[in-house]
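One structure is given below, encoded as structure tokens.
Pasting the structure below:
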């Protein structure tokens, strides 16, 4: 994740490399090369990128729940170390887990925009 960014560089990097490969295949002028590369690009997008994005999103809710403070009812009124109060580590982990899940959602949105441009 790029600091201060709402997306990671993964999606941009993947589409940059795929575009570069596609342009080189087109420059070859060989129909068989272009056809083979288009099938492989489709495979990369349909399988590898989709699975990578889905894996990031699948972990999001579990990480958010794990980072959520336990005993939420009345925990704000209790002091640190008292039963039902959230630990400092759990409170610090919640924003990071939420941020990483938001980055995963944004990556999926950006990837969907790029795929729409390919059509």
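Residue numbers (my numbering): 1305 to 1423. Just so it is clear, CB atoms sit at the ideal spot from N, CA and C, and this is done for glycine as well. What you are looking at is a predicted structure, and each value in this text was computed from that prediction instead of being measured.
For the alpha helix (DSSP H) that residue i lies in, which residues bound it at each end?
i            : result
residue 1347 : 1335 to 1347
residue 1355 : 1354 to 1371
residue 1324 : 1313 to 1332
Which residue's Cα is closest to the Cα of residue i: the options?
i            : options                   : result
residue 1311 : 1415, 1369, 1366 and 1371 : 1415
residue 1399 : 1417, 1365, 1328 and 1423 : 1365
residue 1356 : 1411, 1419 and 1420       : 1411
residue 1408 : 1363, 1418 and 1420       : 1363
residue 1315 : 1332, 1328 and 1360       : 1360
residue 1417 : 1351, 1334, 1307 and 1319 : 1319
residue 1346 : 1313, 1413, 1326 and 1367 : 1326
residue 1322 : 1308, 1338 and 1307       : 1338
residue 1413 : 1333, 1358, 1369 and 1324 : 1358
When we look at the beta-carbon of residue i and count the other beta-carbons within 10 Å, is it buried (16 or more) or exposed?
i            : result
residue 1422 : exposed
residue 1353 : buried
residue 1420 : exposed
Does the stretch 1399 to 1408 come within contact of the stretch 1333 to 1347, defined as at least 3 CB pairs closer than 8 Å? With a cut-off of 8 Å, the stretch 1333 to 1347 and the stretch 1399 to 1408 do not count as touching, because too few Cβ pairs lie within range.
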